[in-house]
Amino acid sequence: KYNAVIFDLDGVICHTDKYHYQAWKAVADELGIYFDEEINNRLRGVSRMESFEIILERYEGEMSEEEKECWTTKKNDIYKELLKNMSPADLSAEVKETLDDLRANGHKLAIGSSSKNARFILGQLGLGEYFDAISDGNNISKSKPDPEVFVKAAEYVDEQADKCLVVEDAKAGLQAAIAGGMDCAAIGDAVASGLGTYNLSAFADLLKVTAK
Ligand code: B16
Ligand code: MG
C-alpha cells in the first residue's frame with residue numbers, strides 16, 4: 003500500500019526531549035519563567051521560535067524580536083552541546099531492525115522533522131547516510147501542523163502523498179500529515195489525540211501496518 007515511510011525524528015527515531023527540556027529550562031530559569039515537563043510536552047514538533055513563544059506565555063515583561071533571537075540562539079547552543087552526548091548507542095535495536103526490514107521490503111525511507119539539527123542528530127546516531135531523503139527545519143517556511151515538511155519529503159523521494167505513510171509522536175505532526183493527504187501512524191503521546199490512521203504500541207508494529 004505504501005511506497006515510502008516518512009519518519010518524524012525527535013520522539014520517533016530517537017529521544018531528544020530530555021535535551022530540549024534541559025536547554026529550555028536553563029533559558030526559562032535565567033528569565034525567571036516557570037517551566038515544567040508538561041509545558042515541554044506542548045513543544046513537541048513545534049519550531050524553535052514557536053516553542054519560545056509558548057514559554058513566553060508566562061513571561062510578564064516585553065521582549066523585542068532581537069531579544070527573542072538572542073534567547074533562542076542561546077537555547078540552541080546549550081541544546082547542541084547536549085546533543086554531543088548522543089551516540090549510536092541511543093538508537094534502539096528495535097528501531098534499527100525495523101528500518102532495515104522496511105527497506106528490505108522495498109520501502110523508501112525519509113525523515114520529516116521540524117528540527118534544524120536533524121542532520122547533526124542523525125550523524126550522532128550513525129544514520130548520517132541512511133535515509134533516502136531528509137526534509138527538516140532548514141527546507142521549510144512553515145512548521146507542523148502545516149504539511150510542508152512532509153510534502154517536501156514526499157517530493158524528495160518522488161512519491162505521491164497517498165503512497166506515503168507518516169510516523170509521528172506529536173499531535174501537530176499528525177495534523178500535518180493529514181493536511182498533506184497522507185496516512186499517519188501515531189506512536190507514544192500522539193496516540194491519545196485519536197488522529198492516527200493507525201496507533202502503534204511499538205515501533206516494530208510498523209511492519210504489520212505497512213504489510214496491509
Ligand atoms: P530545533 P521533530 C522538533 O523535532 C521537536 O519535536 C521540537 O520540540 C523542536 O522545537 C523542533 O524540532 C525544532 O527543533 O530547535 O532543533 O530546530 O519532532 O519534528 O523531529
Ligand atoms: Mg516529534
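Residues in the sequence shown are numbered consecutively from 3, following UniProt numbering. Glycine residues also receive a C-beta, built at the ideal position from the N, C-alpha and C atoms.
(message) Taking 8 angstroms as the threshold (C-beta atoms), are V169 and A156 in contact?
(response) no
(message) To the nearest angstrom, how far is the alpha carbon of K70 from that of A206?
(response) 40 angstroms
(request) Please state if the CB of T74 and the CB of R44 are separated by a distance shorter than 8 angstroms. (result) no
(request) May I ask you to report which of helix, strand or coil DSSP gives N119? (result) coil
(request) Report yes if the C-beta of R46 is less than 7 angstroms from at least one heavy atom of ligand 2; otherwise report no. (result) yes
(message) Checking the sheet assignment: what are the DSSP bridge partners for N140?
(response) Its beta-bridge partners do not exist; DSSP assigns none.
(request) Name the two residues that bound the continuous beta strand (DSSP E) containing I113. (result) K110 to G114
(request) May I have the straight-line CA-CA distance separating K154 from S143, to the nearest angstrom? (result) 11 angstroms
(request) Say whether chain B places a C-beta atom closer than 8 angstroms to the C-beta of K173. (result) Going by chain labels, chain B is absent from the structure shown, which holds only one protein chain.
(message) My output table needs one value for A174: the three-state DSSP class, helix, strand or coil.
(response) helix
(request) Kindly indicate the opening and closing residues of the beta strand (DSSP E) around I189. (result) D185 to I189
(message) Could you check whether S115 and D10 sit closer than 8 angstroms to each other, using their CB atoms as the reference points?
(response) yes
(request) Could you check the C-alpha separation between K3 and G182 for me, to the nearest Å? (result) 17 angstroms
(request) Report the residue ranges of all alpha helix (DSSP H) runs contained in full by the stretch 15-64; include only those spanning at least 4 residues, in chain order. (result) 19-33, 39-43 and 50-57
(request) Measure the C-alpha to C-alpha separation of A194 and G63 and round it to an integer number of angstroms. (result) 35 angstroms
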